[in-house]
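Q:
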Amino acid sequence: MTNLQEVFNNKKAFIPFVVADDPNFDTTVDSIVTLANNGADIVEIGIPFSDPVADGPVIQDADLRAFDQGVNTNVVFDIVEKARQQTDVPIIFLTYANIPFKFGYEAFCKKCQELDISGLVIPDLPIEEQAELRTVADQYGVHLIQLVAPTSGDRIEKIAKQASGFIYMVSSLGVTGVRNDFSKQLSDTISRIKQVTDVPVAIGFGIHSPEQAAKLSSISDGIIIGSAVVKLIAENNNGSTQDDLASYARSIKDAITITA
-5 MTNLQEVFNN KKAFIPFVVA DDPNFDTTVD SIVTLANNGA DIVEIGIPFS DPVADGPVIQ
55 DADLRAFDQG VNTNVVFDIV EKARQQTDVP IIFLTYANIP FKFGYEAFCK KCQELDISGL
115 VIPDLPIEEQ AELRTVADQY GVHLIQLVAP TSGDRIEKIA KQASGFIYMV SSLGVTGVRN
175 DFSKQLSDTI SRIKQVTDVP VAIGFGIHSP EQAAKLSSIS DGIIIGSAVV KLIAENNNGS
235 TQDDLASYAR SIKDAITITA
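So in my numbering, the last one in the sequence shown is 254, and the numbering has no gaps at all.
1) Of the choices Val115, Phe43, Phe97, whose alpha-carbon is the least far from that of Asn68?
2) At 3 residues or longer, and completely inside the region 80 to 162: list those beta strand (DSSP E) runs for me, N to C.
3) Comparing alpha-carbon positions, which option in Tyr134, Asn(-3), Phe61, Gln54 lies nearest Ala101?
4) Taking Leu141 as the reference, give the member of Gly113, Thr129, Ala131, Asp16 with the closest Cα.
5) Classify Val256 as helix, strand or coil using the three-state DSSP reduction.
6) Starting from Ala207, follow the beta strand (DSSP E) in both directions and report where the run begins and ends.
7) Would you say the beta carbon of Lys105 comes nearer than 6 Å to a heavy atom of the ligand NAP?
8) DSSP has Ile9 in a bridge; who is on the other side?
9) If you compare alpha carbons, which of Lys225, Ile121, Ile111 is closest to Ile201?
10) Buried or exposed, going by whether 16 or more other CB atoms sit within 10 Å of the CB of Leu58?
11) If we count Cβ pairs, one from each stretch, closer than 8 Å, do we get three or more for the region 70 to 88 versus the region 26 to 45?
12) For Ser241, count the other beta carbons within 10 Å of its own beta carbon; 16 or more makes it buried, fewer makes it exposed. Which is it?
13) How is the alpha helix (DSSP H) around Val193 delimited, first residue to last?
14) Thinking just about the alpha-carbon of each residue, which of Ala228, Asn230, Gly220, Ile250 is nearest to the one in Ser214?
15) For Ala77, collect the residues of the same chain with a Cβ closer than 7 Å to its Cβ; drop the 5 residues on either side in sequence, then sort them by chain order.
16) Quick check on the DSSP output: the beta strand (DSSP E) that includes Val37 runs from which residue to which?
17) How do the region 121 to 130 and the region 41 to 58 stand: do at least 3 beta-carbon pairs fall below 8 Å, yes or no?
18) CA-CA distance, Lys188 and Asp182?
19) Give the DSSP-derived three-state secondary structure of Val47 in the structure shown.
20) Cutting at 7 Å between CB atoms, please list the residues of its own chain near Val13, excluding the five before and the five after it.
21) Determine the extent of the alpha helix (DSSP H) in which Gln(-1) is found, giving its start and end residues.
22) Is it right to say Thr21 is buried, meaning 16 or more other beta carbons lie within 10 angstroms of its own, or is it exposed?
23) Going by DSSP, what residue range makes up the alpha helix (DSSP H) through Arg78?
24) Ends of the alpha helix (DSSP H) at Lys188?
25) Could you tell me which residues DSSP puts in a beta bridge with Val164?
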């Protein structure tokens, strides 16, 4: 059993997201540790990219702040290495296909293994184009986490059958960002997935409140929160970032624990 499978063992998973090097190296390290110590079951780290097709304005702004810091893939690995001195929380990367391709699939996945990176979420790499990377990722024990979107349609079963780690269920159409309404088809889509695989399903995109987390975790195996966490980090410049992040993380974890 991998550490991602263990995460979902008889509980709902809370998966917060941060952008690497936003607003700086040390804050990202501190945020990863704070989230891990206050309820995060997995921490998802976004590798800043110049053409992030799935990211909304909050995360795009975070990417720009990270670029101002001079972030690159090696810096992202350095952030994880520093965080690993304080936490063994499962970590996954949200990245785009060009980043591991440019770094080299072999070198990228080898580094992921060295730093105990459990999986990769790659929104612009459809399952039909994953074979080359999958071969290398499997060699190094790194899951390619599949995304299922409201537009996946007849491909849902095909994606689910090849999934490992967990499935990232996109809550609604469009890019990331807080929302108040989600696809009415989520429950039906998750039922279709469950008919062909026992790989856990976590819902992301738009979730920001404990009430939403409780509601959506009731129909899934976990929830992913990105923009709300990134916005909280961005708005706190008075020294309270980590306290506010801890309080927010506990509120979400409590909400989905009650649901479980």
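Quick reminder that beta carbons are idealized off the backbone N, C-alpha and C, glycines included. Given the structure is predicted, the values throughout are model-derived calculations rather than measurements.
A: Reading it off the structure:
1) Counting from one through the sequence shown, the residue named residue 68 turns up at place 74. Here the closest residue by C-alpha is Phe97.
2) 85 to 88, 111 to 115, 137 to 142
3) For the purposes of this step, residue 101 is identified with residue 107 of the sequence shown, where counting begins at 1. That would be Tyr134, whose Cα lies nearest to the Cα of Ala101.
4) Looking up residue 141 in the sequence shown gives position 147. Leu141 has its Cα closest to that of Gly113, out of Gly113, Thr129, Ala131, Asp16.
5) The structure shown does not extend to residue 256, since the chain spans only -5 to 254, so no value can be given for it.
6) Looking up residue 207 in the sequence shown gives position 213. It is not in any beta strand (DSSP E) - Ala207 instead sits in the alpha helix (DSSP H) that spans 204 to 211.
7) Although the ligand NAP was asked about, the structure shown includes no ligands whatsoever.
8) The sequence position of residue 9 within the sequence shown is 15, counting from 1. Ile218, per the DSSP bridge assignment.
9) On the sequence shown, residue 201 is found 207 positions in, with the first residue counted as 1. Of Lys225, Ile121, Ile111, the residue nearest in Cα terms is Lys225.
10) As a first step, residue 58 is located in the sequence shown; it is residue number 64 there, counting from the start. Burial call: exposed.
11) yes
12) Here residue 241 corresponds to residue number 247 of the sequence shown, with the count starting at 1. Exposed.
13) Mapped onto the sequence shown, residue 193 falls at position 199. Note, Val193: premise wrong, no alpha helix (DSSP H); not H, not E.
14) For the purposes of this step, residue 214 is identified with residue 220 of the sequence shown, where counting begins at 1. Checking every option, the nearest Cα to that of Ser214 belongs to Ile250.
15) Counting from one through the sequence shown, the residue named residue 77 turns up at place 83. Excluding sequence neighbours, Ala77 sits near Val23, Ile26, Val27.
16) For the purposes of this step, residue 37 is taken as the residue at position 43 of the sequence shown. Start and end: 37 to 40.
17) no
18) Indexing the sequence shown from 1 puts residue 188 at position 194. Indexing the sequence shown from 1 puts residue 182 at position 188. Rounded to whole angstroms, Lys188 to Asp182 spans 10 Å at the Cα level.
19) Position 53 of the sequence shown, counted from the start, is the residue given in the question as residue 47. DSSP places Val47 in coil when its eight states are reduced to three.
20) To locate residue 13, count along the sequence shown from 1; it is residue 19. Around Val13: Gly40, Pro42, Ile53, Ala56, Asp57, Ala60, Val224.
21) By one-based count along the sequence shown, residue -1 stands at place 5. Start and end: -3 to 1.
22) As a working mapping, residue 21 is identified with position 27 in the sequence shown. Looking at its Cβ environment, which holds 16 or more other Cβ atoms inside 10 Å, Thr21 is buried.
23) Indexing the sequence shown from 1 puts residue 78 at position 84. Segment: none, Arg78 is in no alpha helix (DSSP H) and carries neither H nor E.
24) Locating residue 188 in the sequence shown gives position 194, counting from the first residue. It spans 180 to 188 - the alpha helix (DSSP H) in which Lys188 sits, taken as one unbroken run.
25) In the sequence shown, the residue the question calls residue 164 occupies position 170. Per DSSP, Gly198.
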